Structures are given as structure tokens and as C-alpha cells.
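Worksheet: the structure to be examined is printed underneath.
2 protein chains.
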Amino acid sequence: MVKDLGEQGLLKLFRPFCSDLVGDDAAVMGSLPEGRELVVTTDMLIDGVHFSDATTSAEDVGWRAAAVNLSDLAAMGATPWGMTIALGLPPTTPVDWVTGVYRGFDECLRQYGSQLVGGDTVRSPHICLSVTAFGTVAMGRAIQRHTAKVGDLIVVTGNHGLSKAGLELLLHPELDEKLAGYSQRDEVIFSLKRSHQRPTPRLDVPPLIWRIIEEQLNIPEEFKIAGMDSSDGLADAIVQICQASGVGAHLYWSEIAIAEVIQFIAEENAIDWVLYGGEDFELVLCLPASIARTLVDRLPKSAIIGEIIGRDSGDLIEGLTMEGAFQHFQV
Amino acid sequence: MVKDLGEQGLLKLFRPFCSDLVGDDAAVMGSLPEGRELVVTTDMLIDGVHFSDATTSAEDVGWRAAAVNLSDLAAMGATPWGMTIALGLPPTTPVDWVTGVYRGFDECLRQYGSQLVGGDTVRSPHICLSVTAFGTVAMGRAIQRHTAKVGDLIVVTGNHGLSKAGLELLLHPELDEKLAGYSQRDEVIFSLKRSHQRPTPRLDVPPLIWRIIEEQLNIPEEFKIAGMDSSDGLADAIVQICQASGVGAHLYWSEIAIAEVIQFIAEENAIDWVLYGGEDFELVLCLPASIARTLVDRLPKSAIIGEIIGRDSGDLIEGLTMEGAFQHFQV
Numbered sequence: 469m470v471k472d473l474g475e476q477g478l479l480k481l482f483r484p485f486c487s488d489l490v491g492d493d494a495a496v497m498g499s500l501p502e503g504r505e506l507v508v509t510t511d512m513l514i515d516g517v518h519f520s521d522a523t524t525s526a527e528d529v530g531w532r533a534a535a536v537n538l539s540d541l542a543a544m545g546a547t548p549w550g551m552t553i554a555l556g557l558p559p560t561t562p563v564d565w566v567t568g569v570y571r572g573f574d575e576c577l578r579q580y581g582s583q584l585v586g587g588d589t590v591r592s593p594h595i596c597l598s599v600t601a602f603g604t605v606a607m608g609r610a611i612q613r614h615t616a617k618v619g620d621l622i623v624v625t626g627n628h629g630l631s632k633a634g635l636e637l638l639l640h641p642e643l644d645e646k647l648a649g650y651s652q653r654d655e656v657i658f659s660l661k662r663s664h665q666r667p668t669p670r671l672d673v674p675p676l677i678w679r680i681i682e683e684q685l686n687i688p689e690e691f692k693i694a695g696m697d698s699s700d701g702l703a704d705a706i707v708q709i710c711q712a713s714g715v716g717a718h719l720y721w722s723e724i725a726i727a728e729v730i731q732f733i734a735e736e737n738a739i740d741w742v743l744y745g746g747e748d749f750e751l752v753l754c755l756p757a758s759i760a761r762t763l764v765d766r767l768p769k770s771a772i773i774g775e776i777i778g779r780d781s782g783d784l785i786e787g788l789t790m791e792g793a794f795q796h797f798q799v
Numbered sequence: 469m470v471k472d473l474g475e476q477g478l479l480k481l482f483r484p485f486c487s488d489l490v491g492d493d494a495a496v497m498g499s500l501p502e503g504r505e506l507v508v509t510t511d512m513l514i515d516g517v518h519f520s521d522a523t524t525s526a527e528d529v530g531w532r533a534a535a536v537n538l539s540d541l542a543a544m545g546a547t548p549w550g551m552t553i554a555l556g557l558p559p560t561t562p563v564d565w566v567t568g569v570y571r572g573f574d575e576c577l578r579q580y581g582s583q584l585v586g587g588d589t590v591r592s593p594h595i596c597l598s599v600t601a602f603g604t605v606a607m608g609r610a611i612q613r614h615t616a617k618v619g620d621l622i623v624v625t626g627n628h629g630l631s632k633a634g635l636e637l638l639l640h641p642e643l644d645e646k647l648a649g650y651s652q653r654d655e656v657i658f659s660l661k662r663s664h665q666r667p668t669p670r671l672d673v674p675p676l677i678w679r680i681i682e683e684q685l686n687i688p689e690e691f692k693i694a695g696m697d698s699s700d701g702l703a704d705a706i707v708q709i710c711q712a713s714g715v716g717a718h719l720y721w722s723e724i725a726i727a728e729v730i731q732f733i734a735e736e737n738a739i740d741w742v743l744y745g746g747e748d749f750e751l752v753l754c755l756p757a758s759i760a761r762t763l764v765d766r767l768p769k770s771a772i773i774g775e776i777i778g779r780d781s782g783d784l785i786e787g788l789t790m791e792g793a794f795q796h797f798q799v
């Protein structure tokens, strides 16, 4: 248990996963490369709210804590630079669990090229994690929500609803039965659970878009990509972008992929899982048609699912209700 | 209660205290001024561990959350740039309490010239706060723990034990009686409680030291200030610096101020409160004699309390035991 380690013991546990910058009251990260801006984001994860022993191993908790923050950097078009992690732990937390969290966190950072530069470990009656991520973006190239324009096409970088399906399978093992006879059933179930436990930040997407833009000589120099990630659900992302940009959206409903397996599990709720399930950590982007079409050609599983329209009609998004949208404080 | 607000309502609460940078998945901070490095620190505060309704109002919780992080920046010689705050809240938390935290946080940031650039608010069974602060420091001028040298004098920037005394008075109102007849008793009690509730990050000290260094022409260009803050206690700070620098310390016991009022309240434990009480958020610095003496001349309440010696003797610090040192996981 961590209470047997004491603070110095906990520091020793933490140390192998840290960059050499750790050891003072704060980490000195160095200077920014010329022409780049600092990007900062923070996310908190609570035991029983954002993860639980039933659905997420310690390693997965660590991975998720890193990945959700890296997804925010990806959503800004930023490249990871460094991260801090603060852990609140009951004194009875098994030491293995804490090491597992650091290991999963480290694995994700290594995969996506970041480093752990600071932390805090404190006593708490309930497990909580807080991660802050830093990245850099070329001057003027940050992706933001408020720059969507009428005529832009709405692109998603992958399928939605998979994380929700994985979570439901983890919470309700009896759902497996709905997939009796489903082709490659075990692999499909594993892959859905994995979507929930090990989300993939789409750091690959913004560099690809800028390569496409550089090929297309008619793009003005001050061009900005509009978008965000779909961590709180696909519908939420579209609504947030529309609200921030003062525009509306017309969705091509037939283009919104509902994976066959989700239809098997969710039945008549399948479209809700896709729209409101959340935690898929794809990017939702608004791009001029030529860029959107080239991107979708090159990026497997991406799709054009609608277009940005003026906000003349009553609805922000034609035909879309937000009642099911994820509310952290729903009880 | 926050559960009546929902996520959008909570965002509205948060918004007035944020810089304009907030509104996307992450904040774009801009580029660093030339010749400056990024400094990053994080601290987590837990209800019942680091604060409680008995000792700390919501405003004080917000202030403390900001101040402990600013103290880490001060300890690095850095100037504040921006901060993020993540809040875990039970759904039944009063909205006024949350607003109070933001107000106290904001008050501290305004006073010391920082800005709130990001946050996260999530449901949690227990109140927790996590703050990450970043600042900038001139290239090569970061204060660190590992550069103390034999012959350096050990300087504290103020008195120790006051925060501990304030905490004890808040927790045990009957201690007031020990100060019966004490001159200006009410003011003294208020001031001690304030030391605990509203700690002052010593951001004023590093610039003063660099001004002194610039006056003293014999200081080599690559000179580095060694030190840290005394958040975990005066004794802990000295031990950490000695361990990191591979040196020992000889303390001038008679120079370690024990405020008369602490002797009244703590009686025979007074020296323990001073050495191990913690949370005074002063700086403990190791400086060449000429700089140390000039600093102490100019900085009220600062003192030279010892010198750095070789680690030849058995004890790290002559005559000092670390048994009482603050351990977050002590039960």
C-alpha cells in the first residue's frame, strides 16, 4: 500500500518515468523553437466517474489520462512537448496500481513523443488524476472552433460510437450474447473494448492536412482549420463548433457511419451511441471542399458527414436534438 | 448545487475568471520572449487533507491553490505566465463555494500577474483541485536545488512556523487562551491565521537577488542561485538542497527565528513548528557570503541561518533529525 512507502518512496516510484527535468520545485522546459507558440490543456479523471476497476486496468487509466490530453493537443493542431501528472491516492492504494498508472502513462507518451516533466502525489480519500499537457504549434496554425465558414465540409477522422460500445461490453458482459454467431466475434469484442481503454489521439491528422494544403496552391496564406476533438461526443463537437463560429450545420445522415456491430449491440439506440456516446477522440473538422475531399481520400475511415450552412433556420443543426448529449453533472 | 447547473452552467461560472485564450480544446499562449525558458509546476489540493471548511473559506482555497504553485515558480526564479485549474466536485457542492474558489484564485493571480488559461470541471465524490502553473525564466537563471556549494550561506526569506501556528489556532480555538494578556492579541491571532489561509509566494525575491548580483562585479557570469521553497518545512528544504547538491549544512541555531507568539502557543514544541511546520512558502537559498549579506540587509525578516559544509560528518545536517518532517502519507 502506498502508505507504507511514504513520500520519498512514492517519489522513487515516480522517478523512472520522468524526464531528467524533474527534481526541483518546477521543471525548466527550455525555450520554444522560433516561430512556434505554446499550447496548454488540462483534464481531470476521477475513479468511478471516468474509469473503474471493472472497465479499466491501472495501465489503461494511465494511458487514458495521457491520451485525452494528447487528443486536446491534436485537436489544436499542436505537437506534444511535455506533461505533468498529479495523483490523489488513498493510503491503502496498492503500490502496483500506482506503478501501473505510470507505466500506461509512459507507454502513451513514448508512443506519441511527449515526456513527463512534473508531478504531485498526495493523500486523498478517493483516487483522482489530473494531467496538464503542453505542446507547440506553428504560429497562426492552431486549429480552433470559431473559424468554421459557410460552405465548409464537416469531416470526421474515424468512426464514432465504438468507445461507448466497448464501455457497455465491459460493464455488461451479458451483451456478448447479442454477438453470438457474429463473424470474428472475439476479435470484434476485444477491439471495441480496446477503443474504450486505449483511445488513440489523432496527432497524425493535422500534419497531413497541412501537407494537403501545401499541395493546393490556391489556399490563402492566412487559412485556418476549424475543428475540435469528439471527446464529449460527435453531436457535441458539431454543436460547439457551430456555436463558436455563429453558423449552422446540415448533416448528411447517410454518411454517418454506424458500425454494423454497434447495431447488433445497441439495436434501436445505435445512432444515439454514435452521436452522443463520446470518448472516441476523433477530430471533427470544417474544411473547404477541395481539402476535405483530398483528406478523406487519404485518411482511412474518415468521412464527410455534412456541411456548414448559415444560421438562418431555427435549429443549430437540422434535425439534431442535444437532449442526449453527455453532461458530466447529470445525476 | 452544481448538479443543477450542468456542464454548460459550470462553464458560465468559470468564464468571467478566464483569459480570452479559453474556449478551445487547449489555450494558445503565444510564443516565449527571446532568451527565456518555460518553467512548469503542478500541485494538487484535497479537501480534508490540504484544507477544510473548519480552517479555509472557498476564497482561501482558491488563493492557496494559486499561491502554492506561484511559490514553486518563485522558488525557480521564474515570472508567472499562466495557470490551469481542474476541479473535481460532488454534485451537491454549493455553487457559491465554487464561485468563491474561482474568486480567491483570481484575486491571487491578479495580485501576482498571472492569468487563468484553462480548466476542467468534473464530477467527483470528493472535492479536489489541481493547478498547473507555468512561468518563464531568463536562460540559465533558474534556481535549482543541486548547485549549493561549500561556503555558501543559507538564507531564509522570512520567519517559519507561522502557518503551522495559524493552522493550530484555526483547528483548536481553545489555544487562544494561551495568548491571554498577550499584547495586541486579536491582531496577532488574525495575522497567524492569515499566514495559513493566504500564503504569500516570494516572487519578489529572485529579481532582488539578480539586482544585487549585477551590482557585485566579481560574480562570474555562469553563477547560479541554489534554493527551493519551504512549502514542506524549513528542515525539509535544507535536507533536499543538501541531498541534491551532495553537501552538508551547519546551522546557526541561534539565528533561526522563533517568533515569541509561537513560544507562547507551542511551548516546548516551538522549534518543531519552525523546522517542520511547513507551508510558510518562504525561500531557502544558498548564496555566496557577499550576496547573502546584502540580501539580508535589504529584505526585512530574512536571515542567514547557516552555511553549507562538506558532507564529511555523518549527519547531513548537524544535530537535525528528520523524524518530524512532513510526510503526506503519514497515517
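Chains as they are written, first to last, in my numbering: chain A, 469 to 799; chain B, 469 to 799.
Here a beta-carbon is modelled for each residue, glycine too, at the ideal position from N, C-alpha and C.
Quantities reported herein were computed from a predicted structural model and do not represent experimental measurements.
With distances taken between CA atoms, I724 of chain B lies nearest to B:I622 out of B:V673, B:P559, B:I622. The shortest C-alpha to C-alpha distance from R532 of chain B to any of B:D765, B:I726, B:D748 is the one to B:D748. Secondary structure note for F573 of chain A: its alpha helix (DSSP H) is the uninterrupted segment 563-580. When the five nearest sequence neighbours on each side are left out, the beta carbons in the same chain lying within less than 6 Å of the beta carbon of K471 of chain A are those of P559, in order along the chain. For E505 of chain A, the neighbours in chain B by C-beta distance under 7 Å run, in chain order, V496, M497, G498, S499. For A543 of chain A, the residues of chain B that pass the 9 Å Cβ criterion are D492, D493, A494, in the order they occur in the chain. Here the C-alpha atom of L676 of chain A lies approximately 8 Å from the C-alpha atom of L763 of chain A. Scanning its chain for C-beta atoms nearer than 7 Å, with the 5 sequence neighbours on each side dropped, one finds around M696 of chain B the residues A543, R613, A705, Q708, I709, V752, in chain order. Around the beta carbon of K617 of chain A, a 10 Å sphere encloses fewer than 16 other beta carbons of the protein chains shown; the residue is thus reported as exposed. When the Cα atoms are used, W565 of chain B and L597 of chain B turn out to be separated by approximately 13 Å. Contact of P593 of chain B with chain A by beta-carbon distance below 9 Å involves I514, D515, G516, V517, P593, H594. Taking 8 Å as the cut-off between beta carbons, the residues of the stretch 559-587 of chain A near chain B are P559, V585, G586, G587, in sequence order. In the three-state reduction of the DSSP assignment, G474 of chain B falls in the helix class, which pools H, G and I. For S713 of chain B, no beta strand (DSSP E) run applies; the uninterrupted alpha helix (DSSP H) run containing it begins and ends at 702-713, by DSSP. For L763 of chain A, the three-state secondary structure derived from DSSP is helix. Note: M696 of chain B is bridge-paired with B:V752 in the DSSP secondary-structure output. Between P674 of chain B and S539 of chain B, the gap from beta carbon to beta carbon reaches 7 Å or more. Taking a C-beta cut-off of 7 Å against chain A, the contacting residues of the stretch 680-702 of chain B are M696, D697, listed in chain order. The beta carbon of I687 of chain A sits closer than 8 Å to the beta carbons of I681, P756, I759 from its chain, once the five residues preceding and following it are set aside; these are given in chain order. In the displayed model, G503 of chain B falls within coil according to three-state DSSP, outside both helix and strand.
Here S663 of chain B carries a helix assignment [DSSP, helix/strand/coil].
Straight-line measurement puts the Cα of L500 of chain A at about 36 Å from the Cα of G619 of chain A. Under the three-state reduction of DSSP, V618 of chain B is assigned to coil, being neither helix nor strand. In this structure, G701 of chain A keeps its C-beta atom at 7 Å or more from the C-beta atom of G774 of chain A. Annotated as distal: V508 of chain B and A606 of chain A, with beta-carbon spacing of 7 Å or more. Of the candidates B:S659, B:I514, B:G477, the residue whose Cα lies closest to the Cα of G556 of chain B is B:I514. With a beta-carbon spacing of about 6 Å, V715 of chain B and R779 of chain B fall inside the 8 Å limit used to define contacts. Taking the Cβ atoms as the reference, G491 of chain B lies roughly 17 Å from A601 of chain A, outside the contact range of under 8 Å. Note that the C-beta distance between N537 of chain B and V599 of chain B is below 7 Å. Against chain B, a Cβ distance below 8 Å from A546 of chain A picks out A494. Interface with chain B (7 Å Cβ-Cβ cutoff): V590 of chain A is included. The criterion of a C-beta distance shorter than 7 Å is not satisfied by G603 of chain B and T552 of chain B. E505 of chain A and G498 of chain B have their C-alpha atoms some 4 Å from each other.
Rounded to whole angstroms, the Cβ separation of A633 of chain A and I733 of chain A is 6 Å, and the two are in contact under 8 Å.
Chain-ordered, the chain B residues with CB closer than 9 Å to the CB of R613 of chain A read G491, D492, D493. Distance between C754 of chain A and A694 of chain A, taken at the CA atoms: about 5 Å.
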